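I have placed the structure first, in the form of structure tokens, so that the comments after it can refer back to it.
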Amino acid sequence: MQFWNIEFSSGRIAMFRDTVPLPRDRRSWRRRDRIRVPGKIRITSIAAVIATTAICLAAYLLSFEYLVRAMRDSDRGASHYARGIDLAVTRFGHLPRLLAEDPRILQALAGEDEKQLEQLDRHLSWVAAVSNVQRILLLDINGRAIAGSELWKDPAPKEELYTFRPDFRAALGGTVGTYFTVSPETGAFSYHVSAPALNREGVVFGVVSAMVSLDDVGRAWEDTGELVLLTNPQGVVLAASDREYLYGLLNPLNAYERRQLELGRQFGDLSLHVLGWKVNGPDRVDLEGETYVWNKAMVRSEPWTIHLLTDLRGIRITSLLVAAGLLVLALLIGLITVLFQSAQLREALHRSNEDRRRLREAQDMLARKNRLAALGQFSASITHELGQPIAAMRNYLVASEMEQSGENAGQNADLHGELTKLVERMGNIMTQLKSFSQPGGRSSAPFDILAAIEASIALVRFDAERMGVDLAFEAEPDLPACLGDQARFEQVIINLLTNALDAMAEQPVKRLSIRCRRDGAGLYVRVEDTGTGLGGKTLSDLQEPFFTTKASGKGMGLGLAISSQIVGEMGGTLRAHDAAGGGAVFEIRLRAAVEQEEGAG
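At position 461 of the sequence shown (counting the first as 1) the number is 461 in full-length UniProt numbering, and the numbers step up by one without a gap.
What follows is the structure, encoded as structure tokens:
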């Protein structure tokens, strides 16, 4: 930052710049004031991202394992479906035993009366309908059907021999036997329960067999949305929630297992296909390339196994949702934290900017005071150096006037009069500079503002006409007087008019207007030109001592600084801005003499 110093030596004025030690590199000054919080925030953000990722990954793994265990250990797992199968195959187990004790059954076995058998067929048909049983047959000890719930309308079962069936052989041995079959034509899954019919001596002389359809079991599983398989000891899928796996083999059959299936005739000519089944642990299995959580249970009434398979994709999706929920929560917390830290940063930045603004203002004020001090010293020097020559010029003019004679006495008198006025004006200016260099009380009196403006215009009119400037002055009538020093106010107007003429020197359109009117209880003066304008400079810049927009040698940049001080001492304000159509506008607002006197009173 630079200030002006003035030295006086042997009647010469020497001006030089004194530099206040400030950082040469403004960037280094800014670096020292830079807030270092953003670096901490970056570290915090990276740590938050790492922590959030670790938490989400841990949440995914923990929730995945929890869901797997929950699926494996759930009470609604495979044991639930196993109990359902138990209920389906045992709830009709009592029916053959009850029918075996019916006297009509015993009479039919004792003597085959056609009429009696026909009545028995209809009775068994009614029992099957009431009991929701698919079919009931009465077999003799040779495995031939002699009566049944469907024989009265379909005699085909009479042509078959049932001696090969394990349930028949078990009933001949005096116990209840069970057996399942799969229809090669329809794929229907049926369950058979057979009980012995005993005579009075306890000898088996017939078998009652009831057949129950288990197709509804698989269809009921389809609505659960879970993959459920029912397999026999050979690994054949007897029922499934997905019919794609029905009658498939979990593992290829060996020769013994295949022979057992052939002897039992349970699947007839039905083709059994091998499924892509691979056990990967106690609770994991692959089926057709997909990995499942495996939960199994044994059916109590039959050597069957329930397999409950839960797709890991669903578990993964659930785990991902849990992790995503935690991620969203973490992001919300992070967002709130970032917003809070951002608010703190903005507040800190605002405070820093305010401190720097106040620092700049203080530095600018200090620089202005130094320049004004230099201006005061400069004014004192000018007053001291030029005061005596001006006084001598005044004395010479007086002496010359006393010696005037001859034919040109009148013209010389006029010339001397004009020179005397100019010398007096120079003396007034020296007096003003002296008063500027020595601030203190100044004489103040009411004066006619219109007369002061007209006197100022008269001094610049010649230059305006020479330049071809259209100069116009408008004023309201009966304006009140203004309190202050008229000569100093004229100096302000002359400075504004002179600056306007200099600004319009190279402009094609030269128009200078001065307007004066009332402004409430005060006075308003407006000076507008069509010059080059202020060039984006502010009034604060224009008021700086030694600041000028003119070419070198055309001005020292003291006019507006002095003018602003004069107007301020008169209790007024000086403002400036660019005109809308180009050029500059200067506005002066002053208090009227009456208003100032009332305010003082």
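Cβ atoms here follow ideal geometry from the backbone N, Cα and C, with glycine treated the same way.
Small disclaimer: the values here were computed from a predicted structure and weren't measured.
inquiry  = Please classify Y256 as buried or exposed, where buried requires at least 16 other C-beta atoms within 10 Å of its C-beta.
reply    = As a working note, residue 256 is residue 256 in the sequence shown. Exposed, by the Cβ-count rule.
key: Supposed close pair residue 642, V237 - CB separation, criterion 8 Å   = Nothing can be reported for residue 642, as the shown portion of the chain is limited to 1 through 601.
ask   = Taking 7 Å as the cut-off, is the CB of Q344 close to at least one heavy atom of the ligand SAH?
value = Among the components of this structure there are no ligands whatsoever, and the ligand SAH is therefore not found.
inquiry  = I need the DSSP call for V285, collapsed to helix, strand or coil.
reply    = Position 285 of the sequence shown, counted from the first residue, corresponds to residue 285. Strand, per DSSP.
Sequence-distant residues of the same chain with beta carbon closer than 8 Å to E276, five excluded per side = Within the sequence shown, residue 276 is the residue found at index 276, counting from 1. Checking the sequence shown, residue 276 turns out to be Gly, not Glu. Answer for G276: D286, L287, E288, G289, listed in chain order.
message = Measuring straight from C-alpha to C-alpha, what distance separates V204 and P196?
response = In the sequence shown, residue 204 corresponds to position 204, counting from 1. In the sequence shown, residue 196 corresponds to position 196, counting from 1. Roughly 6 Å separates the two Cα atoms.
K262 - partner residues in DSSP beta bridges = As a position in the sequence shown, residue 262 is number 262, starting the count at 1. Checking the sequence shown, residue 262 turns out to be Glu, not Lys. Answer is none; E262 lacks a bridge partner.
task = Measure the C-alpha to C-alpha separation of R97 and Q234 and round it to an integer number of angstroms.
result = For the purposes of this step, residue 97 is identified with residue 97 of the sequence shown, where counting begins at 1. For the purposes of this step, residue 234 is identified with residue 234 of the sequence shown, where counting begins at 1. Using only the alpha carbons, I get a separation of about 30 Å.
key: First and last residue of the uninterrupted beta strand (DSSP E) at K296   = Here the question's residue 296 lines up with position 296 in the sequence shown. Note, K296: beta strand (DSSP E), 290–298.
ask   = Under a three-way DSSP split, which group does P233 fall into?
value = Start at 1 with the first residue of the sequence shown, and residue 233 comes out as number 233. Note: P233 maps to coil in three-state DSSP.
message = Can you list, in chain order, the residues of its chain with a C-beta nearer than 7 Å to that of S301? Leave out the 5 residues immediately preceding and following it.
response = In the sequence shown, counting from the first residue as 1, residue 301 sits at position 301. D86, V89, T90, listed in sequence order.
ask   = Rounded to a whole number of angstroms, what is the C-alpha to C-alpha distance between F546 and L331?
value = Along the sequence shown, one-based indexing puts residue 546 at 546. Along the sequence shown, one-based indexing puts residue 331 at 331. Only weak support exists for where F546 lies, its pLDDT of 48 falling under 50; the coordinates are left without a value.
task = Excluding the 5 residues preceding and the 5 following Q260 in the sequence, name in chain order all residues of the same chain whose CB lies nearer than 8 Å to its CB.
result = In the sequence shown, the residue the question calls residue 260 occupies position 260. Cβ neighbours of Q260 beyond the five flanking positions: Q234.
request  = Could you give the DSSP three-state label for P477: helix, strand or coil?
outcome  = The sequence position of residue 477 within the sequence shown is 477, counting from 1. Correct three-state label for P477: coil.
query = Taking just the CA atoms, how far does R518 sit from Y524?
reply = Against the sequence shown, residue 524 aligns to sequence position 524. Against the sequence shown, residue 518 aligns to sequence position 518. Taking the straight line from one Cα to the other gives about 6 Å.
query = Based on the DSSP output, what are the partners of G522 in its beta bridges?
reply = Sequence index remark: in the sequence shown, residue 522 carries index 522 (1-based). In DSSP, G522 forms a bridge with D519, R591.
Assigned secondary structure, A171 (DSSP; H/G/I helix, E/B strand, else coil) = Taking the first residue of the sequence shown as 1, we reach residue 171 at position 171. If DSSP states are grouped into helix, strand and coil, A171 belongs with the helices.
message = Please classify N295 as buried or exposed, where buried requires at least 16 other C-beta atoms within 10 Å of its C-beta.
response = The residue labelled residue 295 in the question sits at position 295 within the sequence shown. So N295 ends up on the buried side.
ask   = Distance, Cα to Cα, C225 vs A78?
value = Within the sequence shown, the letter at position 225 stands for residue 225. Within the sequence shown, the letter at position 78 stands for residue 78. First, the amino acid is wrong: residue 225 is Gly here, not Cys. One C-alpha to the other measures close to 14 Å.
message = I'd like the list of long-range same chain contacts for V460, defined as Cβ closer than 7 Å, with 5 residues on each side in sequence excluded.
response = Translated into the one-based positions of the sequence shown, residue 460 becomes position 460. Same-chain partners within the cutoff: I494, L497, T498, L501.
key: residue 602 versus S190: straight-line alpha-carbon distance, rounded   = As displayed, the chain neither begins before 1 nor continues past 601, which places residue 602 out of reach and without an answer.
query = Are the segment 579–597 and the segment 461–477 touching by the rule of at least three beta carbon pairs closer than 8 Å?
reply = no
task = Give the secondary structure of V585 by DSSP, where H, G and I count as helix, E and B as strand, and everything else as coil.
result = One-based indexing of the sequence shown puts residue 585 at position 585. V585: strand per DSSP, three-state reduction.
query = According to the neighbour-count rule (16 or more other Cβ atoms, all chains shown, within 10 Å of its Cβ), is I453 buried or exposed?
reply = The residue you call residue 453 lines up with position 453 of the sequence shown. So I453 ends up on the buried side.
query = Measuring CA to CA, which of N280, T305, W304, P303 is closest to V293?
reply = In the sequence shown, residue 293 corresponds to position 293, counting from 1. The candidate whose alpha carbon is nearest that of V293 is N280.
query = Between the beta-carbon of A100 and the beta-carbon of L124, is there less than 8 Å?
reply = Within the sequence shown, residue 100 is the residue found at index 100, counting from 1. Within the sequence shown, residue 124 is the residue found at index 124, counting from 1. No, the pair does not count as a contact, with Cβ atoms beyond the cut-off.
query = Taking DSSP as the reference, what is the three-state secondary structure of H188?
reply = The residue labelled residue 188 in the question sits at position 188 within the sequence shown. Inspection of the sequence shows that residue 188 is occupied by Ala rather than by His. DSSP places A188 in coil when its eight states are reduced to three.
query = Would you say I562 and F489 are within 8 Å of each other, going by their C-beta atoms?
reply = As a working mapping, residue 562 is identified with position 562 in the sequence shown. As a working mapping, residue 489 is identified with position 489 in the sequence shown. No, the pair does not count as a contact, with Cβ atoms beyond the cut-off.
Neighbour flag for V509 against chain C, beta carbons, 8 Å = Among the protein chains of the structure shown there is no chain C, as only one such chain exists.
ask   = Is DSSP giving D269 helix, strand or coil here?
value = Against the sequence shown, residue 269 aligns to sequence position 269. Three-state result, D269: coil.
query = Expressed to the nearest angstrom, what Euclidean distance is found between the alpha-carbon atoms of P303 and L263?
reply = Stepping through the sequence shown from its first residue, residue 303 is reached at position 303. Stepping through the sequence shown from its first residue, residue 263 is reached at position 263. Between P303 and L263, the C-alpha separation is close to 18 Å.
message = Can you tell me whether W126 is helix, strand or coil according to DSSP?
response = Within the sequence shown, numbered from 1, the residue matching residue 126 stands at position 126. Of the three classes helix, strand and coil, the one that applies to W126 here is helix, per DSSP.
query = What residues in its chain sit with their C-beta under 6 Å from that of L512, if we drop five residues either side in the sequence?
reply = Within the sequence shown, the letter at position 512 stands for residue 512. Cβ neighbours of L512 beyond the five flanking positions: V469, L471, A500, D529.
message = Restricting to runs no shorter than 4 residues, where is the alpha helix (DSSP H) found entirely within the segment 72–96?
response = 78–90
request  = Please go through the same chain and pick out, in chain order, the residues whose beta-carbon is closer than 7 Å to the beta-carbon of G173, but skip the five residues on each side of it.
outcome  = Here the question's residue 173 lines up with position 173 in the sequence shown. Nothing meets the Cβ criterion.
request  = Using 10 angstroms around the beta-carbon of H192, count the other beta-carbons present and answer buried if the total reaches 16, otherwise exposed.
outcome  = Translated into positions along the sequence shown, residue 192 becomes position 192. So H192 counts as buried.
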